[in-house]
Amino acid sequence: MPTETPNTLAYLVAGYIVFWLITFLFVISLVARTRNLEKDIQVLRTLMEEQKEQSEDSRKPQEQASYRPLPSDRR
Amino acid sequence: MVEEMKLASPRTLRILGGLSAVMVVIALVLVFLVAPQERTMGEVQRIFYFHVGAAWIGALAFLVALVTGTLYLRSGKTQYDLISLSSVEIGLVFITMVLITGSIWARPAWNTWWVWTPRLTTATIMWLVYLAYFMLRGAVEDPNRRRRYAAVYSIVGFASVILTFISTSILADTHPALFFGANSPQTKGDAPLAPGMRPAFFFSLLTFTVLYITFLLYRVRLEVLREHVEALKARFLTP
Chain U
1 MPTETPNTLA
11 YLVAGYIVFW
21 LITFLFVISL
31 VARTRNLEKD
41 IQVLRTLMEE
51 QKEQSEDSRK
61 PQEQASYRPL
71 PSDRR
Chain G
1001 MVEEMKLASP
1011 RTLRILGGLS
1021 AVMVVIALVL
1031 VFLVAPQERT
1041 MGEVQRIFYF
1051 HVGAAWIGAL
1061 AFLVALVTGT
1071 LYLRSGKTQY
1081 DLISLSSVEI
1091 GLVFITMVLI
1101 TGSIWARPAW
1111 NTWWVWTPRL
1121 TTATIMWLVY
1131 LAYFMLRGAV
1141 EDPNRRRRYA
1151 AVYSIVGFAS
1161 VILTFISTSI
1171 LADTHPALFF
1181 GANSPQTKGD
1191 APLAPGMRPA
1201 FFFSLLTFTV
1211 LYITFLLYRV
1221 RLEVLREHVE
1231 ALKARFLTP
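Given below as structure tokens:
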């Protein structure tokens, strides 16, 4: 006796929604984490540049202060 | 060590991303328009193609973690640890998908959302084992020790994948043994795939494999960026 095929479309739709939802969440998390890290790299590079400039600036007055005129300079 | 790692170029990543998207569309066409409807379960059986594809990726990802974990223990190269970590994360995402879609499929097929059959029990154990992988990594502060422990764990943890794979062949289960042990007396017997379902099934497996490679390359890139940030922080904080 042939049996009727049940209507299970709603479960199929639910299954594929779950599949796409998890995939999109994973992709979004990958993109967000990558962007955050790229931003971190940018910030750290800027900070390092500033630190370098500051250390160069602080060295300059010291160099000037430690300058002693040579006897030949007085002439 | 990470600096030596050759990363996929942005162009390669874009091509792989595009290829994955196209393959997913073709797979969906095959699943919904080409594959015939199953008589006893109806439309819900079409979950099968992506459900098995995701399970395949889970197993493949954990296998890659096992191999790269072994390579890390042998060579001590950080790049293998990064691949291992990335692969476990992707595997866990896909196994989560498998458990949820399987439960949705079980409701109309078995009249219940969940049954503790050998396959479902071992799959849940596998999911928990790999979830604990991240707890282990989070619990160890020393980077070298963390990498070593994680590598050993990824090797030992693979036993749960083998157990899940053979569970339907050695124990009585409502899951059919599609290939391995399909005719064993413990299983429900042969569950051959109808010829009309084969293109959708095998193409889905191929699609998921390409998707896995794409995700892995993106995920490894992310981990390399993280290592780079850590190196910059260390340099910045060193007086």
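Residue numbers (the numbering used here), protein chains in the order written: chain U, 1 to 75; chain G, 1001 to 1239.
The beta-carbon is built from N, C-alpha and C at its ideal position, and this holds for glycine as well.
As the structure is a prediction and not an experimental result, all values here were calculated from the model.
Grab me the residues of residue i's own chain with a C-beta within less than 8 Å of its C-beta, minus the 5 sequence neighbours each way, in chain order.
i: Ile1057 (chain G); result: Ile1090, Gly1091, Phe1094, Phe1208, Thr1209, Leu1211 and Tyr1212
i: Leu1163 (chain G); result: Thr1122, Ile1125 and Met1126
i: Val1034 (chain G); result: Gly1196, Pro1199 and Ala1200
i: Ser1103 (chain G); result: Trp1113 and Trp1114
Could you check where the alpha helix (DSSP H) with residue i kicks off and where it finishes?
i: Trp1105 (chain G); result: Thr1078 to Trp1110
i: Arg1011 (chain G); result: Pro1010 to Val1029
i: Phe1032 (chain G); result: Neither: Phe1032 (chain G) is in no alpha helix (DSSP H) and is coded neither H nor E.
i: Leu1163 (chain G); result: Pro1143 to Ile1170
Using only the alpha-carbon positions, how far apart do residue i and residue j sit?
i: Pro1143 (chain G); j: Tyr1218 (chain G); result: 22 Å
i: Val1140 (chain G); j: Arg1146 (chain G); result: 5 Å
i: Val43 (chain U); j: Val1229 (chain G); result: 10 Å
i: Phe1165 (chain G); j: Asn1111 (chain G); result: 24 Å
i: Ile1100 (chain G); j: Asp1173 (chain G); result: 19 Å
i: Thr5 (chain U); j: Ile41 (chain U); result: 58 Å
i: Asp1081 (chain G); j: Phe1215 (chain G); result: 16 Å
i: Gln1045 (chain G); j: Thr1117 (chain G); result: 19 Å
i: Phe1158 (chain G); j: Leu1019 (chain G); result: 30 Å
i: Arg35 (chain U); j: Thr23 (chain U); result: 18 Å
i: Lys1077 (chain G); j: Ala1151 (chain G); result: 12 Å
i: Leu1232 (chain G); j: Trp1105 (chain G); result: 48 Å
i: Leu30 (chain U); j: Phe1134 (chain G); result: 17 Å
i: Val1098 (chain G); j: Ser55 (chain U); result: 56 Å
i: Gln1079 (chain G); j: Ala1194 (chain G); result: 43 Å
i: Arg1107 (chain G); j: Phe19 (chain U); result: 17 Å
i: Trp1114 (chain G); j: Leu1206 (chain G); result: 29 Å
i: Thr1096 (chain G); j: Ser58 (chain U); result: 56 Å
i: Arg75 (chain U); j: Glu53 (chain U); result: Confidence in Arg75 (chain U) is poor, its pLDDT being 49 and thus under 50, which makes the residue's placement too unreliable to answer from.
i: Ala1055 (chain G); j: Arg1198 (chain G); result: 17 Å
i: Pro1185 (chain G); j: Arg1148 (chain G); result: Note that Pro1185 (chain G) has pLDDT 49, beneath the 50 cutoff, so the model's placement of it is unreliable and the number below is only indicative. Each residue's Cα considered, the two are about 42 Å apart.
i: Phe1062 (chain G); j: Phe1048 (chain G); result: 21 Å
i: Leu1050 (chain G); j: Met1023 (chain G); result: Correcting the residue identity first, residue 1050 (chain G) is Phe in this sequence and not Leu. Approximately 13 Å, taken between the alpha carbons.
i: Ile1015 (chain G); j: Ala10 (chain U); result: 35 Å
i: Arg1221 (chain G); j: Leu1060 (chain G); result: 19 Å
i: Gly1017 (chain G); j: Leu1007 (chain G); result: 15 Å
For residue i, which of helix, strand or coil comes out of DSSP?
i: Glu1038 (chain G); result: strand
i: Lys1006 (chain G); result: coil
i: Pro1192 (chain G); result: coil
i: Asn7 (chain U); result: coil
i: Ala1059 (chain G); result: helix
i: Ala1123 (chain G); result: helix
i: His957 (chain G); result: Since the first residue of chain G shown is 1001 and the last is 1239, residue 957 (chain G) is not available in this structure.
i: Asp40 (chain U); result: helix
i: His1051 (chain G); result: helix
i: Pro1199 (chain G); result: helix
i: Trp20 (chain U); result: helix
i: Val1140 (chain G); result: coil
i: Thr1117 (chain G); result: coil
i: Thr1070 (chain G); result: helix
i: Asp57 (chain U); result: helix
i: Thr1174 (chain G); result: coil
i: Thr1238 (chain G); result: coil
Which same chain residues, not among the five before or five after residue i, have their C-beta less than 6 Å away from its C-beta?
i: Ser1084 (chain G); result: Ala1065, Thr1068, Gly1069 and Ser1154
i: Phe1203 (chain G); result: Ala1027 and Leu1030
i: Met1041 (chain G); result: Ala1109
i: Pro1036 (chain G); result: Gly1196
i: Gly1189 (chain G); result: Its pLDDT being 47, under 50, Gly1189 (chain G) is placed unreliably by the model, and the measurement read from it follows with that caveat. Around Gly1189 (chain G): no qualifying Cβ.
i: Arg1119 (chain G); result: Ser1167, Thr1168, Asp1173 and His1175
With hydrogens ignored, establish whether the beta-carbon of residue i is closer than 7 Å to any heavy atom of the ligand PLP.
i: Gly1053 (chain G); result: The ligand PLP is absent from the structure shown, which contains no ligand whatsoever.
Please return the same chain residues whose Cβ sits closer than 7 Å to the Cβ of residue i, not counting the five positions on each side in sequence.
i: Leu1013 (chain G); result: Leu1217 and Tyr1218
i: Leu1131 (chain G); result: Leu1092
i: Glu1223 (chain G); result: Leu1082, Leu1085 and Ser1086
i: Tyr1072 (chain G); result: Tyr1080, Asp1081, Ser1084, Arg1147 and Ala1151
i: Phe1032 (chain G); result: Arg1046
i: Glu1038 (chain G); result: Gln1045
Compile a chain-ordered list of the residues in the segment 1079-1101 of chain G whose CB is closer than 7 Å to at least one CB of chain U.
Val1093, Thr1096, Met1097, Ile1100 and Thr1101
Residues of the segment 1044-1069 of chain G with Cβ closer than 7 Å to any Cβ of chain U, in chain order:
Val1044, Arg1046, Ile1047 and Phe1050
Please identify, using Cβ separations under 8 Å, the residues of the segment 1207-1228 of chain G that lie next to chain U, in order along the chain.
Phe1215, Tyr1218, Arg1219, Arg1221, Leu1222, Leu1225, Arg1226 and His1228
What residues from the segment 1123-1151 of chain G come within 9 Å of chain U, judged by C-beta to C-beta, listed N to C?
none
Using a Cβ-Cβ cutoff of 8 Å, what residues of the segment 1-22 of chain U are near chain G? List them in chain order.
Thr3, Thr5, Pro6, Asn7, Thr8, Leu9, Tyr11, Leu12, Ala14, Gly15, Tyr16, Val18, Phe19 and Ile22
Residues within the segment 29-52 of chain U neighbouring chain G, beta-carbon criterion of under 8 Å:
When C-beta distances to chain G are compared with 8 Å, the residues of the segment 29-52 of chain U below that value are Leu30, Arg33, Thr34, Leu37, Glu38, Asp40, Ile41, Leu44, Arg45, Leu47, Met48 and Gln51, in chain order.
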